[in-house]
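Below is one structure, written out as structure tokens; the observations come after it.
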Amino acid sequence: MQMRVLGSTGLLVSKLCMGAWTFGKDKFGLGGLDAGQSKAIVDRALDAGINFFDTSNNYSFGQSEELLGAALVGKREQVVVSTKVRSPTGEGPNDQGLSRHQLIRSVEQSLKRLQTDYIDVLIIHGWDELTPPLETLRAMDDLVRSGKVRYVGGSNLCAWQLAEFLAISEREGLPRFEILQAYYNLVGRELEHELIPLCEYKKVGIMTWSPLGNGYLTGKYRHGGKGRRDIPMFSNFPPMNLETGEKV
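The opening position of the sequence shown corresponds to residue 956 in my numbering, with each subsequent residue numbered one higher.
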């Protein structure tokens, strides 16, 4: 397995990252993998040389983190684990977002579910219009200094949002985003316009999600056939040029 350096750090991660969105209860009409299936996938990934695993605090209502943590028992020091914060984790008004309150609480909950005392990469799961980026970064700094988080990153940000976080980190001497997780594949290439040049210039690593277009680019689905896009949430998610995709 080929390795890549994570952003501007010295941390080496496998070129392929194993995503755990489908681990756990069937949410949004996908997934539903149980503990045995999840562990089998993790073991297969480890055997293939993958050392990078990604999840989120809201995948399958937190069960994704639980199943990934269980599958990695006894192997935690061999791998790099990233998880995400921002999305709703409860019904309360403060059970979402990137405030100091929610960020620190979410990390504590994720640590328990993952059965670990540290998170290698903590990624914000998008922009929060209510919370100033400085508040988020200062909370992340406290988490890094405490040893509960080692690196930080962003996901689903546009170029000006990523640039804002990077500028504040540089100005205030706070941890910088070392990775951007973003949608990118052969028929979804908006990332090339501004974000890839920005990441190259600022030495931010890029971690793509849905590189096979939710299975579309595997040839598993064809135009007019039954597939995930029949589920309302996924009717245009992720956005793809289907006309071009039919020719790939």
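We treat Cβ as the ideally placed atom computed from N, Cα and C, and that holds for glycine.
For residue i, which three-state DSSP category applies?
i            : result
residue 1038 : strand
residue 966  : coil
residue 1046 : coil
residue 1131 : coil
residue 991  : helix
residue 1107 : strand
residue 1076 : strand
residue 1136 : strand
residue 1173 : helix
residue 1091 : helix
residue 1083 : coil
Under the assumption that residue i contacts residue j (Cβ atoms under 8 Å), give the Cβ distance between them as a whole number of angstroms.
i            : j            : result
residue 1035 : residue 1070 : In fact, because the Cβ distance is near 16 Å, the residues do not count as touching under 8 Å.
residue 1122 : residue 1163 : The Cβ separation is near 24 Å, so there is no contact.
residue 1117 : residue 1089 : Residue 1117 to residue 1089, Cβ: 15 Å. No contact.
Grab the span of the alpha helix (DSSP H) containing residue i for me, first residue to last.
i            : result
residue 1120 : 1114 to 1127
residue 1025 : 1018 to 1026
residue 1055 : 1055 to 1069
residue 1003 : Taken as a continuous stretch (DSSP letters only), residue 1003 belongs to no alpha helix (DSSP H), as it is neither H nor E.
residue 961  : Taken as a continuous stretch (DSSP letters only), residue 961 belongs to no alpha helix (DSSP H), as it is neither H nor E.
residue 1153 : 1150 to 1157
When burial is assigned at 16 or more other CB atoms within 10 Å of the CB, is residue i buried or exposed?
i            : result
residue 1156 : exposed
residue 1101 : exposed
residue 1076 : buried
residue 1115 : exposed
residue 1113 : exposed
Could you give the residue range of the beta strand (DSSP E) that holds residue i?
i            : result
residue 956  : Counting along the chain, residue 956 falls outside any beta strand (DSSP E), and DSSP gives it neither H nor E.
residue 975  : No beta strand (DSSP E) contains residue 975, which DSSP labels as neither H nor E.
residue 1010 : That residue, residue 1010, is in no beta strand (DSSP E); it is neither H nor E in DSSP.
residue 1102 : First-last for residue 1102: undefined, no H or E at that position.
residue 1160 : 1160 to 1164
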